[in-house]
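Heads up: take any position in the sequence shown, counting from 1, add 77, and you land on the numbering used here.
Working notes, beginning with the structure itself.
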Amino acid sequence: MLESIKLLGLEAREPGLTELLQGYISASVALAWSIAVAEDLGYVVNIIATYGNPCEVADILGLPSYVVPVAGLLVGKPKGELPPLTPRAPVEALAGWNSYGDLEDRVKAYMSLGEKFVNNVWRVHRHGGPVDRMDNVIRECLKSRGFRV
């Protein structure tokens, strides 16, 4: 979009959080539709997160400035029987109908996945965990790709 604005002879502002969020939302919608279509055609998919080092992924893919990878998507034909799905949060824990709903009910629905699963997820997201360390990596990556963050 930045290059398009410049081609029109207009002064472009440097991208910030608004543009970053717009891109992430658009990429997420495209990812969701790609998954739906692939599965409808009989393929299996696996989403690969790129937030561990998005700049390294961007460099490998030769992405231009102002472009940050959101996720990778592996698509293939199943070989034999598919393994059972990993535990999934019930829809009641993730979606609301006409309002956010009661937080306590959401937590109970999420906890129904089992203590081992829930503890494993939150081990990553706890204070001082891997996600804390990724914050600086992601921030520096975004700055190096031209975003005002």
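Virtual Cβ for every residue (Gly too), placed ideally from N, Cα, C.
Inspect the beta-carbon positions of residue i and residue j and report whether they are closer than 8 angstroms.
i    : j    : result
A225 : P92  : Note on residue identity: the sequence assigns Arg, not Ala, to residue 225. In this structure, P92 lies closer than 8 angstroms to R225 by Cβ.
G129 : M211 : yes
A113 : T127 : no
A186 : A172 : no
C218 : P131 : yes
A135 : R222 : yes
Is DSSP giving residue i helix, strand or coil here?
i    : result
V168 : helix
V121 : strand
A89  : coil
L180 : helix
L108 : helix
G149 : strand
How many whole angstroms separate the CB atoms of residue i and residue j, which I take to be in contact at a CB cut-off of 8 angstroms?
i    : j    : result
L180 : P164 : Rounded, the Cβ-Cβ distance is 21 angstroms, inconsistent with contact.
Among residues of its own chain, excluding the 5 on either side of residue i, which ones have a beta-carbon nearer than 7 angstroms to its beta-carbon?
i    : result
V214 : N130
K83  : A89
* Taking one C-beta from the segment 95-109 and one from the segment 137-156 each time, how about it: are there three or more such pairs within less than 8 angstroms? -> With the cut-off at 8 angstroms, the segment 95-109 and the segment 137-156 touch.
### Task
Tell me, please, whether the segment 115-127 touches the segment 150-159 by the rule of three or more beta-carbon pairs shorter than 8 angstroms.
Taking 8 angstroms as the limit for Cβ pairs, the verdict is that the segment 150-159 does touch the segment 115-127.
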